[in-house]
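Okay, structure first, notes after.
Numbering (the numbering used here), first residue to last: 17 to 169.
Here it is in C-alpha cells:
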C-alpha cells in the first residue's frame with residue numbers, strides 16, 4: 017500500500033509537554049511527542065501514518081496503516097500495513113502487523129501476530145486413474161531396484 021515516496025502527510029501534532037486523556041481519531045497523519053491516555057485510531061477511509069516519537073508515551077490501543085514507534089506504548093498496536101520499531105521503541109502489548117521493520121534495541125513485551133497472508137487457492141490436481149498410478153509406481157520401483165542393484169533380474 018505504501019511506498020517510501022507516497023506517504024500521507026502528517027497534519028497533526030501532539031507536542032511534547034501535552035497530555036491528552038481520551039481517544040484520539042485522526043485522518044492521514046499524526047505525530048505524537050507528548051502523552052496520550054486513550055486509544056489512537058486512524059480513519060479507515062484513506063491511508064494513514066502514525067509517528068510515536070522518542071519523547072511520547074501512549075497508554076491505549078493504537079490503530080493505523082503505517083505505525084512508526086520510537087517511544088513507549090502500553091497497549092496493543094495494530095498496523096494494517098507496516099510497523100516500524102525504531103531503536104528506542106518500547107511496546108507492552110500484543111502487536112499485529114502485515115510487515116515489520118524492527119531496529120536493534122527496540123523491545124516488545126507481548127505477542128507478535130502477523131496478518132494472515134491470503135493464499136490464492138489453486139484447483140486440485142487431477143491424477144491419473146489408480147491403475148495407471150499403480151502401474152507407474154511399480155515401474156519406478158523396478159527401475160530404482162535396477163539402478164541400486166544392477167545384477168537383480
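Every residue, glycine too, gets a C-beta built ideally from N, C-alpha and C.
A quick note: this is a predicted structure, and the numbers were derived from the prediction, not measured.
Between the CA atoms of residue j and residue i - distance to the nearest angstrom
i           : j           : result
residue 135 : residue 32  : The predicted model places residue 135 with a pLDDT of 46, which falls under 50 and marks its position as unreliable; any figure quoted below should be read in that light. Distance between the alpha carbons of residue 135 and residue 32: 44 Å.
residue 65  : residue 127 : 22 Å
residue 104 : residue 123 : 8 Å
residue 55  : residue 38  : 7 Å
residue 48  : residue 95  : 16 Å
residue 74  : residue 30  : 11 Å
residue 40  : residue 53  : 9 Å
residue 110 : residue 35  : 24 Å
Three-state class that DSSP yields for residue i in the structure shown
i           : result
residue 175 : Limits of the chain in this structure are 17 at one end and 169 at the other, which puts residue 175 out of reach.
residue 94  : strand
residue 44  : coil
residue 104 : coil
residue 136 : Residue placement at residue 136 is poorly supported in this model, since its pLDDT is 49, which falls under 50; the coordinates are not used for a value here.
residue 34  : coil
residue 28  : strand
residue 117 : strand
residue 88  : strand
Assigned exposure category for residue i - 16 Cβ within 10 Å defines buried
i           : result
residue 25  : exposed
residue 61  : exposed
residue 50  : buried
residue 119 : exposed
residue 86  : buried
residue 131 : exposed
residue 76  : buried
residue 58  : buried
Boundaries (first-last residue) of the beta strand (DSSP E) holding residue i
i           : result
residue 58  : 56 to 58
residue 130 : 128 to 130
residue 75  : 73 to 75
residue 79  : 78 to 85
residue 51  : 51 to 53
residue 125 : 123 to 125
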